[in-house]
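Those protein sequences? They're chains A and B, same order as listed.
Counting in numbering that gives the first Met the number 0, the first sequence runs from 0 upward without gaps.
Counting in numbering that gives the first Met the number 0, the second sequence runs from 0 upward without gaps.
One structure is given below, encoded as structure tokens.
Protein chains: 2
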Amino acid sequence: MAVYTTIGAEQMAAIIDEFNVGALVSAKGIAEGVSNSNWLIETEGTGSGSLRFILTMYESRVDAGDLPFFLGLLDHLAEHNCPVPRTIHDRENRPFRLYEGKALALIEFLPGVSVSEPTPGQARAVGAALASIHLAAADFPASRANAMDLVAWQRLLGDCGEQGLATIHPKLDRIVSSELEYLSAKWPTGLPRGVIHADLFPDNVLMRGEEVAGLIDFYFACCDLLAYDVAVTHAAWCFSGDGARFDPELSRALLEGYEAVRPLGPDERQALPILARGAAMRFIATRAYDWLHTPLGALVTRKDPMAFVRRLAFYADPANVGIFGLV
Amino acid sequence: MAVYTTIGAEQMAAIIDEFNVGALVSAKGIAEGVSNSNWLIETEGTGSGSLRFILTMYESRVDAGDLPFFLGLLDHLAEHNCPVPRTIHDRENRPFRLYEGKALALIEFLPGVSVSEPTPGQARAVGAALASIHLAAADFPASRANAMDLVAWQRLLGDCGEQGLATIHPKLDRIVSSELEYLSAKWPTGLPRGVIHADLFPDNVLMRGEEVAGLIDFYFACCDLLAYDVAVTHAAWCFSGDGARFDPELSRALLEGYEAVRPLGPDERQALPILARGAAMRFIATRAYDWLHTPLGALVTRKDPMAFVRRLAFYADPANVGIFGLV
């Protein structure tokens, strides 16, 4: 949550001029994005009034080699009428530019707010929007492996070490060890694959009332099981932030919204409980790693790994398989 | 440069609703303001299209008791056609509200960018804008003492201590001691007084080309010598950031711009060298204090006090009095 790089007004005007969107009027650094710098940009436009954009500078955590995938995906989805922001190409039709060695992309600004207490109507709309990108990306030609897969969870949690995990919770090492063993043995194969968002938390959805105005922050997007993306989104939307309280209404609405656009196959539905356990493990892994590796006083707020340990316990309880329409 | 307080979208919508400016469409925390949290807000407006505002939450450094002065001043100056943002009053006509014990004000959004390398035309426009607020505030009824006066400089530098100052520069204690003695003995009295901005750095001016679109951040505004405000603005605009290079063209343009609107009296002109030395000392004092009291790794970037020691040396050199039209 910060702007890591300072760009003077004169440099900013020169950067924006390269995109042929009219002269710079205003640039405000915004406090969004964990690892990128972002500015809300206004220009005079090129005819019918002012225009707004988000300018993103990719700092260390995003590999510039992945940008053609991320930015090309936005353009592909926007062309297919999915609610995602379009990438603005520069005068030489490049989707991003370099500035002092860092990649910079200019992305359409979409209005809307990120809700913190979703309504069922909002969860339904998000489910439908997720399904729409799964369908629309079917003919997207590029691909990218999931860098946050089961192997990555094992590696991240291994780096935390038994003692590190114990500083978070005395039983955490035992919980994740046995769960990783279970997930390795039982992780489904053969389910429909495609491009997934892989991080569709409420933070990454702009809402206007009960409509999805924009899905944003595709920097974990990759090719993986479509139903896994449903599971990630379920874990992200259907619980209180601390994971202690499951909301069956949000869950029902999210799944119904998804299936209204793309019905799940029986094999996908059957796999939802383990995929949801995997989704919980994915965020336990990154949160535990960041918890132990974020210096105190750093710009980034640490997020509690235990919030996803509680979700994991919920998903692993056979009494709860009914939420996915299973008995 | 940060947003210190998190406000969920639902709470934000409720807060904005209290101001009768239409429903919330977008809220982005912006990385501006050293000690306040700020959001760029868009609403649906109440008739002819969307509206934009800055929502400011006053954190510890601004005394809420001063807000009626600061916000009332903005309204007064805006009514007198000065380029400043208007304060939006809430449904009960209050200029600010409380949220979880902190004051919140909604302020008109003005387009424009803060330049880092001003042109003479920009300096001229800023001089004229400064004079326009000096004239327009003449009948502003409220008053506020300057909390950053000579007594405050002495106190801040006293708190730094001889040894603290020595960690910044071996001669700093000697320089400031003898300068404070000189300023105490010779500080002018009897010059025209009024409301001054007292911190008109390029950061606090929004420009569109060579026009001033907005003077902002009036949180040091107070009643003091008008010519002292000219001196502060001179120190802020007419040097390279590190204070090593004086720009005579910017200096001429700034003073000409000011005098085109409000000519300086002979006594004010005569006092400019000592007022400029005082202006340099004011920023040496706060920067040295912050330099020694800002924990490493804090959110705020420390600013080099020596940049104003160099300005002080320039202003104190009798060879340079000609820049103020004196011989």
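Even glycine gets a Cβ: it sits at the ideal position worked out from N, Cα and C.
Contact criterion: CB-CB distance below 7 Å. Does residue i meet it with respect to chain A?
i, result
"G256/B", "no"
"L39/B", "yes"
"G7/B", "yes"
"V150/B", "no"
"E99/B", "no"
Using CA coordinates, which residue listed in the options is at the minimum distance from residue i?
i, options, result
"A252/B", "A128/B, F307/B and G264/B", "A128/B"
"A334/B", "A287/B, L149/B, A144/B and L249/B", "Since the first residue shown for chain B is 0 and the last is 326, residue 334/B is missing from the structure and cannot be characterised."
"G126/B", "V112/B, L254/B and A8/B", "L254/B"
"C221/A", "G324/A, A315/A and L66/A", "L66/A"
"L291/A", "A278/A, E99/A, I167/A and A12/A", "I167/A"
"S357/A", "E99/A, V308/A and G100/A", "No statement about residue 357/A is possible, as the shown extent of chain A runs from 0 to 326 and does not include it."
"A279/B", "D289/B, G242/B and A259/B", "G242/B"
"R244/B", "V112/B, L311/B, A287/B and A102/B", "L311/B"
"T55/B", "G100/B, G64/B and N35/B", "N35/B"
"F219/B", "V150/B, V204/B, N145/B and S183/B", "N145/B"
"L182/A", "G189/A, L149/A and N203/A", "L149/A"
"R281/B", "F217/B, E258/B and E178/B", "E178/B"
"G120/A", "T5/A, D303/A and C237/A", "C237/A"
"P191/B", "E180/B, R143/B, L134/B and C159/B", "L134/B"
"R60/A", "A184/A, G7/A, K101/A and L199/A", "K101/A"
"A287/A", "R261/A, E58/A, E116/A and I174/A", "I174/A"
"T5/B", "I87/B, E99/B, N92/B and E91/B", "E99/B"
"Q10/A", "D303/B, S115/B, D138/B and F200/B", "S115/B"
"R261/B", "D62/B, A137/B, A8/B and S47/B", "A137/B"
"G7/A", "P272/B, A235/B, P117/B and D158/B", "P117/B"
Quick check: is the beta carbon of residue i nearer than 7 Å to any beta carbon in chain B?
i, result
"D64/A", "Rather than Asp, the amino acid found at residue 64/A in this sequence is Gly. No, G64/A does not count as interfacial toward chain B."
"E107/A", "no"
"K185/A", "no"
"I29/A", "yes"
"P110/A", "yes"
"S25/A", "yes"
"E116/A", "yes"
"S113/A", "yes"
In chain order, what residues of the same chain have a beta carbon less than 8 Å from the beta carbon of residue i, not counting five sequence neighbours either side?
i, result
"P84/B", "I53, L73, A77, I106, E107, F108, L109, G213 and I215"
"I132/A", "L76, C81, V83, V194, H196 and L214"
"A141/A", "P67, F68, G71 and L72"
"A12/A", "A22 and L23"
"A124/A", "M206, E209, E210, V211 and G256"
Excluding sequence positions up to five away, which residues of its chain have a Cβ less than 7 Å from the Cβ of residue i?
i, result
"P169/A", "none"
"N319/A", "F313"
"D172/A", "E161, L164 and A165"
"P247/A", "I322"
"I15/A", "L23, I40 and T42"
"A304/B", "Note that residue 304/B is Pro in the sequence shown, not Ala. Hits under 7 Å: I167, I283, R286, A287 and W290."
"H79/B", "A135"
"A259/A", "A127"
"C159/A", "A287, Y288 and L291"
Counting only the same chain and skipping the five closest in sequence on each side, list residues whose C-beta sits under 6 Å from that of residue i.
i, result
"D89/A", "E17, F18 and R96"
"A284/B", "W152, L155 and L156"
"M0/A", "In this prediction, M0/A scores a pLDDT of 40, lower than 50, which makes its location untrustworthy; no coordinate-derived value is stated."
"A315/B", "R276"
"G21/B", "T42, E43, G44 and T45"
"W38/B", "A26, G28 and L54"
On the premise that residue j lies in contact with residue i, defined as a C-beta separation below 8 Å, what is that separation, rounded to the nearest angstrom?
i, j, result
"A230/A", "L274/A", "4 Å"
"S25/B", "G111/A", "6 Å"
"A270/B", "P187/B", "4 Å"
"D202/A", "S113/A", "5 Å"
Spell out whether any CB of chain E is found under 7 Å from the CB atom of residue i.
i, result
"K185/A", "In the structure shown, chain E cannot be found, because the protein chains are A and B."
Taking contact to mean at least 3 C-beta pairs separated by less than 8 Å, is the region 102 to 119 of chain A in contact with the region 62 to 81 of chain A? yes
Next item on the list: Report yes or no: do the region 252 to 268 of chain A and the region 217 to 232 of chain A share at least 3 C-beta pairs separated by less than 8 Å?
Entry: yes
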